[in-house]
Amino acid sequence: MPKLAPAPQPPIASGPAESADHLLRRLEWTVLRRLDGLLQGDYRTLLRGTGMDLADLREYQYHDDVRHIDWNVTARLQQPHVRVFTEDREMSAWFLLDLSPSMDFGSSEQRKRHVLTDFVAVLARLLTRHGNRVGALLYGSGVDAALPARGGRDHVLHLLHTLRSRPEAPSAGPTRLHELLESAAKLVRRRSTLFVVSDFITEAGWEAPLGQLAQRHEVVAVRLLDPLELELPDLGLIPILDAETGEQLLVDTHDAGFRKRFARIAAQREADLRQSLASAGVDTLELSTDDDLAGAIMRFTDLRKQRSRLCGALAASSRLPAHLARAG
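This is the structure:
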């Protein structure tokens, strides 16, 4: 699908820049308080599989996390075995942030870049409050900044100030997300949770680096989107902007056939993208510019819990004799 961002009017001028401290305080009051009540301390669902050192192996037991099954040992011993970990005092999370031109698009006052900043603020503060560290890699027209993983509220404020003080990225050709992923593979050596925050409007070739990261780290793809990228309303003759190259053209959205073709191409791209993310072995959190951030995070954590319980039940049933498994 062409990397086009519908632009029926010039970008909405933003008001006075909200300071990093004010932004964090606002989100602590409006979003983090809700998450504290909803998660009930179960924030580790967002960091499954990190901050652990391998300590031992033992036979699989019901309710064990199926992700900890050691398949090599299981195949050798013909009995499911899981890896037992000792927990580190600290866990590290890294935000791999796509800040390319297409992230500045939004069909209302809320742009994808704003959603990215709010998500990073909430997750970074949620993690650092529990003694964990967060770092970030920033991509504009290339990987141009790296913030080391550190803890504390001041570090979160520094990260937010870095994001909010960045100018909009100039249109300088297509995004090469694989460069961000390959840089992360070189920089982040210790097993961590990686949040890849992007709209995935990018050149091909990112799938393999993402899959390689997922083999070493816990990777979550945070996919940002805007409703206008999926379906065009009937607005008559409007300019369409390629946010990556700056090319503009006029299209007639009053043409029902054009709108249907646009929606069909967008739906196919959605299906292809979701398949690529699943094939890479990563979990995906989708955030729309019209979404509720706390609600989206809760839907994501609930999905991870349900899948973990289901996988555990399936793994447990596989240990039963065949006639009992069929009976269940």
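Going by the numbering used here, the first residue of the sequence shown is number 6, and it counts up by one from there.
Beta carbons: idealized from backbone N, C-alpha and C, even for Gly.
Alpha carbon to alpha carbon, how far is Thr289 from Thr306? Give it in angstroms, no decimals. 11 Å
Note down, in chain order, each residue of its chain lying with its Cβ closer than 7 Å to the Cβ of Thr79, except the 5 sequence neighbours on either side. Pro85 and His86
Residues near Leu419 by beta carbon distance below 6 Å, same chain, minus five either side: Any answer about residue 419 is impossible in this case: the structure gives the chain only from 6 up to 333.
Under the rule that 16 or more other beta-carbon atoms within 10 Å means buried, what is Ile206, buried or exposed? buried
Tell me whether Lys117 is buried or exposed, calling it buried when 16 or more other Cβ atoms sit within 10 Å of its Cβ. buried
Would DSSP call Pro238 helix, strand or coil? coil
Alpha carbon to alpha carbon, how far is Thr122 from Leu168? Give it in angstroms, no decimals. 7 Å
According to the neighbour-count rule (16 or more other Cβ atoms, all chains shown, within 10 Å of its Cβ), is Asp26 buried or exposed? exposed
Identify every run of the alpha helix (DSSP H) within the segment 172-204, keeping only runs that are complete inside it and at least 4 residues long; order them along the chain. 182-192
Let me know the secondary structure DSSP gives Arg134 once reduced to three states. coil
Taking the beta carbon of Thr198 as the centre, do at least 16 other beta carbons fall within 10 Å, making it buried, or is it exposed? buried
Cβ shell of Thr133 (< 8 Å), same chain only, five flanking positions each side left out: Val139, Gly156, Gly157, Arg158, His160 and Val161
How would you write the range of the beta strand (DSSP E) that Glu23 sits in, first residue to last? First-last for Glu23: undefined, no H or E at that position.
Which residue comes first and which comes last in the beta strand (DSSP E) that contains Pro232? Where Pro232 is concerned, there is no enclosing beta strand (DSSP E), given that its DSSP letter is neither H nor E.
Proximity to Gln115 [Cα-Cα], best of Lys310, Asp297 and Arg304: Asp297
Start and end residues, beta strand (DSSP E) containing Thr167: Note, Thr167: premise wrong, no beta strand (DSSP E); alpha helix (DSSP H) at Arg158 to Arg169.
Assigned secondary structure, Asp93 (DSSP; H/G/I helix, E/B strand, else coil): Interpretation of Asp93 is limited by its pLDDT of 48, a score under 50 that renders its predicted location unreliable; the figure taken from the coordinates is listed afterwards. Reduced to three states, the DSSP call for Asp93 is coil.
Whose CA, out of Leu152, Tyr144 and Ala268, lies closest to the CA of Ala129? Leu152
Looking at the unbroken beta strand (DSSP E) that takes in Ser293, where does it start and where does it end? Asp288 to Ser293
Helix, strand or coil for His119 per DSSP? helix
Would you mind sorting Ser24 into buried or exposed? The rule is 16 or more other CB atoms within 10 Å of its CB. exposed
My output table needs one value for Pro153: the three-state DSSP class, helix, strand or coil. strand
Closer than 6 Å by C-beta to Val193: which residues in its own chain qualify, once you throw out the five before and the five after it? Chain order, please. Trp99
For Leu82, count neighbouring Cβ atoms within 10 angstroms of its own Cβ and tell me buried if that reaches 16, exposed if not. exposed
Look up Ile98 in the DSSP assignment and give the residues it is bridged to. Looking at the sequence provided, one finds Ala at residue 98 rather than Ile. The partner list for Ala98 (beta bridge, DSSP) reads Val139 and Thr198.
Tell me which residues share the same chain as Glu212 and place their Cβ nearer than 8 Å to its Cβ, disregarding the 5 neighbours each side in the sequence. Ser281, Ser284 and Ala285
Contact between the segment 258-278 and the segment 177-192 (3+ Cβ pairs under 8 Å): no
Just the C-alpha distance for Arg228 and Asp260, rounded to the nearest angstrom, thanks. 30 Å
For Ala226: DSSP bridge partner residues: Val201 and Thr289
Pairwise C-alpha distance: Leu235 and Ala272: 7 Å
Output needed for Asp257: all residues of its chain with C-beta closer than 6 Å, excluding positions within five of it in sequence on either side, in chain order. Leu242
Helix, strand or coil, according to DSSP, for Ile270 in the structure here? helix
With distance defined between alpha-carbon atoms, name the residue in Pro106, Ala226 and Arg266 nearest to Leu237. Arg266
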